[in-house]
Amino acid sequence: MKTVQYTLPELPYAKDALEPAISERTIDYHYGKHEQAYIDNLNNLIKDTEYEDMSLEEIIEKAEGPLFNNASQAWNHIFYFFTFSPTGSREPSGELRKAIELQFGSFEAFKKDFVEAGVKIFGSGWVWLACDEDGKLLIIQKSNAGNPITDGLTPLLVFDVWEHAYYLDYQNRRAEALNKLWDIVDWDVVSSRFEVD
Ligand code: MN
């Protein structure tokens, strides 16, 4: 019997490296405790089931209910935290820059639309930048654990709008919390996810 055990990947930066946008305390709780719990739940739910042999992306595409929720949350948080860097490019370049300008008018207009979409999600969720197979960019709002993989889209960037993502640092101020994330997004990472044929 194959026993897959997902583990919490170590972040590629120090826990205080994203301050003041995201505090060390929020990293400790959000990544160290919330994300660890999703991974623990995922491991418990796939044990001795057909999902043990699937990739995490396949589980997200096929599962429903608690398994979908925990698998998708496990994936989403890794994607989210690995988008940030204390150094990195703060603006997109190359093909992604062109696609953003074509789709949204300008990088500034995109940032405004993206944060606005995140602010308007009622309750917990995620705001995504994704692309379809033709490279067309889309801002996607998802509730709870939602992920654009289930729509056949490729995720490029995500902001977490669950209160647990920002409450320690910003309390109820979701828009401020989301706008501060632009200071730590590493656009080299985001660009690497956007492949134009
Ligand atoms: Mn979260």
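Letter by letter, the sequence shown follows residues -8 to 188 in my numbering. Yeah, the Cβ is synthetic: ideal placement off N, Cα and C, and Gly gets one too.
- For G56, the enclosing alpha helix (DSSP H) has its first and last residue at 56 to 72.
- Membership of F150 in the beta strand (DSSP E) is indicated by the continuous run 145 to 151.
- Counting the other CB atoms within 10 Å of its CB gives A136 a total of 16 or more, which places it among the buried residues.
- Of all C-beta pairs linking the region 154 to 165 to the region 48 to 65, fewer than three are shorter than 8 Å, placing the two stretches out of contact.
- Non-local C-beta neighbours of F101 in its own chain, meaning closer than 6 Å and more than five positions away in sequence, comprise I91, F95, ordered along the chain.
- Applying a distance threshold of 6 Å between residue Cβ atoms and the heavy atoms of the ligand MN selects H21, H25, H68, D151, W153, H155, A156, given in chain order.
- Close CB contacts of Y29 within its chain, under the 6 Å cut and outside five residues either way in sequence, are with N61, Q64, A65 (chain order).
- Residue state for Q132 is assigned as strand, using DSSP reduced to three classes.
- For K6 and S14, the gap between their C-alpha atoms comes out near 8 Å.
- Look at F75 here: in three-state DSSP terms it is strand.
- Counting the other Cβ atoms within 10 Å of the Cβ of A168 gives 16 or more, which makes it buried.
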